[in-house]
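*Asks:* In full-length UniProt numbering, the protein residues as written are 5 to 444.
To start, I am sharing the structure in question, which I have written as structure tokens.
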Ligand code: GDP
Ligand code: MG
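Here is the structure:
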């Protein structure tokens, strides 16, 4: 992909808005990358249509080619589709919280059950009980019992002759009596989806009303991912996906397929056979992998940096003119939010490192940006241009209007003052051609 894409990028160096031809050309390569990564055909098609529509007409920033711009848009959309926020397993229900593990045979249900059991025990200090409802494979229950011993997680004593539903009920009862926080129910799977099996799992679900139904799926599944995801989600209404064998050489297309078909978050990924080989899902990493590793990622990063730099330059121009008002601050806050924290614009401005540290020290995260933007929204136009107009009574009103404290309003104003002062200073330097912003 990289060579092909590189060739196209070299040819497309014109500036301006992305044309349909630009997008179509780059998209042909993206399509190939998706299919090579084993994204299901229909999912790849939908995804490309969506991104195409989004990309045409987007301005190409000065320092990147249209091809790079398209790849950047594809990458961002891919991350967004995969789910930009990590979502863990939810335990927000009354104990013992039942969690049902479902999936095809060999997908990694039993292994994942043990991994999750251990994770909840060690990381979240929960008391976990694991139970195997696999009455089909002779050694299945012993397998879980053994994993329980290795991980130090309790397992339900095996009683031969019980049905899956009976075991599930017994597990919940034992969970209640034993004061467990979580009961993990590992189910049986077949090599292909069969109705009898599905009916059994549906019955188990009805019997225990699980808080989470986790579909365990093999990342190497490829095109079948869609069929599996649809079948299980349709019958059971899964609440999340556990993607196993991401340590393998599959390129992660199943992640996109499953996510696109079910709309459910990928909650954890398996990255090996050992019981600590489990990670949170990282959409960025999977997006990179799907698009074909290394070089495309470098292209994307280069494009992203160029985009940031261009935006920073625009902001810097205003600042140089001493025009940094609260509207600009708000724009910057939104920008930071979009760029995922302080790593964006601020870091591109020489001399801002100290302020950045100071702000990061104040524990600024996305919700803080949002709150600060809300405070600015509650001000009048005149106040946004000239914050000195904000006297005590108005500060109170602004705070009330944005659901913040007066203290927060003061903090925001102070931050703005510091930034404006610093920018004025840098602006002076820039005029003489030697300041820190001169190179921007
Ligand atoms: P189940 O039939 O769904 O219960 O699948 P198992 O949990 O028994 O796993 C089947 C095989 O896949 C076992 O050999 C596991 O060690 C292996 N396995 C499970 N998860 C992973 C993973 O994330 N990476 C690798 N490499 N192997 C895994
Ligand atoms: Mg099993």
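Beta carbons: idealized from backbone N, C-alpha and C, even for Gly.
Looking at the structure shown, is residue 427 part of a helix, part of a strand, or coil, going by DSSP?
*Replies:* Translated into positions along the chain shown, residue 427 becomes position 423. Note: residue 427 maps to helix in three-state DSSP.
*Asks:* Taking one C-beta from the segment 196 to 208 and one from the segment 147 to 157 each time, how about it: are there three or more such pairs within less than 8 Å?
*Replies:* The answer is no - the segment 147 to 157 does not touch the segment 196 to 208, with fewer than three Cβ pairs under 8 Å.
*Asks:* Decide if the segment 210 to 218 is in contact with the segment 122 to 135; the criterion is three or more beta carbon pairs, one per stretch, under 8 Å apart.
*Replies:* Short answer: they don't touch.
*Asks:* In whole angstroms, what is the alpha-carbon distance linking residue 371 and residue 160?
*Replies:* Against the chain shown, residue 371 aligns to sequence position 367. Against the chain shown, residue 160 aligns to sequence position 156. The straight-line gap from Cα to Cα measures roughly 42 Å.
*Asks:* Going by beta carbon distance, what residues of the same chain come within less than 7 Å of residue 222, once the five residues before and after it are set aside?
*Replies:* Start at 1 with the first residue of the chain shown, and residue 222 comes out as number 218. The answer, listed in chain order, is 111, 112, 248 and 249.
*Asks:* Is it true that the CB of residue 274 sits closer than 8 Å to the CB of residue 246?
*Replies:* The residue given as residue 246 occupies position 242 in the chain shown. The residue given as residue 274 occupies position 270 in the chain shown. For residue 246 and residue 274, yes; Cβs fall inside 8 Å.
*Asks:* Starting from residue 190, follow its DSSP beta bridges and name the residues at the other end.
*Replies:* Reading the chain shown from its first residue, position 186 is the one you call residue 190. 105 and 136, per the DSSP bridge assignment.
*Asks:* Residues bridged to residue 216 by DSSP?
*Replies:* As a position in the chain shown, residue 216 is number 212, starting the count at 1. Beta-bridge pairing links residue 216 to 103.
*Asks:* Taking only three categories from DSSP, how would you classify residue 152?
*Replies:* Your numbering for residue 152 matches position 148 in the chain shown. Of the three classes helix, strand and coil, the one that applies to residue 152 here is helix, per DSSP.
*Asks:* According to DSSP, simplified to helix, strand and coil, what is residue 274?
*Replies:* As a working mapping, residue 274 is identified with position 270 in the chain shown. Correct three-state label for residue 274: strand.
*Asks:* Specify, as a first and last residue, the run of the alpha helix (DSSP H) that residue 245 falls within.
*Replies:* Along the chain shown, one-based indexing puts residue 245 at 241. Per DSSP, residue 245 belongs to no alpha helix (DSSP H); it is in the beta strand (DSSP E), 244 to 248.
*Asks:* Using 8 Å as the threshold, is the C-beta distance between residue 137 and residue 279 below it?
*Replies:* The count along the chain shown starts at 1 and reaches residue 137 at position 133. The count along the chain shown starts at 1 and reaches residue 279 at position 275. Not in contact: residue 137 and residue 279 (Cβ atoms no closer than 8 Å).
*Asks:* Nearest CA to the CA of residue 419: which residue from 405, 328 and 382?
*Replies:* Looking up residue 419 in the chain shown gives position 415. The option with the nearest alpha carbon to residue 419 is 328.
*Asks:* Count the other CB atoms, across all protein chains shown, that sit within 10 Å of the CB of residue 2; report buried if there are 16 or more and exposed otherwise.
*Replies:* The first residue shown for the chain is 5 and the last is 444, placing residue 2 beyond what the model contains.
*Asks:* Drop a sphere of 10 angstroms on the beta-carbon of residue 399, count the other beta-carbons inside from all chains shown, and report buried for 16 or more, exposed for fewer.
*Replies:* Here the question's residue 399 lines up with position 395 in the chain shown. Answer is buried; the Cβ neighbour count reaches 16.
*Asks:* To the nearest whole angstrom, what separates the beta carbons of residue 43 and residue 78, a pair I think is in contact under 8 Å?
*Replies:* Along the chain shown, read from residue 1 onward, the residue named residue 43 stands at position 39. Along the chain shown, read from residue 1 onward, the residue named residue 78 stands at position 74. That belief does not hold up - the Cβ atoms of residue 43 and residue 78 are roughly 12 Å apart, past 8 Å.
*Asks:* Would the beta-carbon of residue 119 be found less than 7 Å away from any heavy atom of ligand 2?
*Replies:* Counting from 1 along the chain shown, the entry for residue 119 is found at position 115. Checking every heavy atom of ligand 2 against the Cβ of residue 119, none is found closer than 7 Å.
*Asks:* Anyone know if the C-beta pair for residue 189 and residue 102 falls short of 8 Å?
*Replies:* The count along the chain shown starts at 1 and reaches residue 189 at position 185. The count along the chain shown starts at 1 and reaches residue 102 at position 98. Yes, they are a contact pair.
*Asks:* Counting along the chain, where does the alpha helix (DSSP H) carrying residue 34 start and finish?
*Replies:* Translated into the one-based positions of the chain shown, residue 34 becomes position 30. Element bounds for residue 34: 24 to 40.
*Asks:* For ligand 1, is there a heavy atom less than 7 Å away from the beta-carbon of residue 113?
*Replies:* If you number the chain shown from 1, residue 113 lands on position 109. Checking the Cβ of residue 113 against ligand 1 gives yes.
*Asks:* Taking its Cβ as the centre, do 16 or more other Cβ atoms sit within 10 Å of residue 154, making it buried, or is it exposed?
*Replies:* Within the chain shown, numbered from 1, the residue matching residue 154 stands at position 150. Per the 10 Å Cβ criterion, exposed.
*Asks:* How is residue 20 classed by DSSP in three states: helix, strand or coil?
*Replies:* The residue given as residue 20 occupies position 16 in the chain shown. Correct three-state label for residue 20: strand.
*Asks:* Any idea which residues DSSP pairs residue 221 with across the strands?
*Replies:* As a first step, residue 221 must be located in the chain shown, where it is residue number 217. Note: residue 221 sits in a beta bridge opposite 247.
*Asks:* Please indicate yes or no: does the CB of residue 249 lie closer than 7 Å to some heavy atom of ligand 1?
*Replies:* Taking the chain shown and counting its residues from 1, one reaches residue 249 at position 245. Indeed, a heavy atom of ligand 1 lies less than 7 Å from the Cβ.
*Asks:* When every heavy atom of ligand 2 is checked, does at least one fall within less than 7 Å of the C-beta of residue 138?
*Replies:* Position 134 of the chain shown, counting from 1, holds the residue named residue 138. For ligand 2, at least one heavy atom lies less than 7 Å from the Cβ of residue 138.
*Asks:* Which value, in whole angstroms, describes the spacing of the CA atoms of residue 291 and residue 386?
*Replies:* As a first step, residue 291 must be located in the chain shown, where it is residue number 287. As a first step, residue 386 must be located in the chain shown, where it is residue number 382. If you take the alpha carbons of residue 291 and residue 386, they lie about 44 Å apart.
*Asks:* Smallest Cα separation from residue 258: which of 226, 184, 231 and 61?
*Replies:* The residue labelled residue 258 in the question sits at position 254 within the chain shown. The shortest Cα separation from residue 258 among 226, 184, 231 and 61 belongs to 226.
*Asks:* At a cut of 8 Å, does the segment 166 to 185 reach the segment 48 to 67 through at least three beta carbon pairs?
*Replies:* No: the two stretches stay apart, fewer than three of their Cβ pairs being nearer than 8 Å.
*Asks:* Quick check: the Cα distance between residue 393 and residue 411, rounded to an integer number of angstroms?
*Replies:* For the purposes of this step, residue 393 is taken as residue 389 along the chain shown, with counting starting at 1. For the purposes of this step, residue 411 is taken as residue 407 along the chain shown, with counting starting at 1. Using only the alpha carbons, I get a separation of about 17 Å.
*Asks:* Could you tell me the distance, in whole angstroms, from the CA atom of residue 141 to the CA atom of residue 376?
*Replies:* One-based indexing of the chain shown puts residue 141 at position 137. One-based indexing of the chain shown puts residue 376 at position 372. The straight-line gap from Cα to Cα measures roughly 57 Å.
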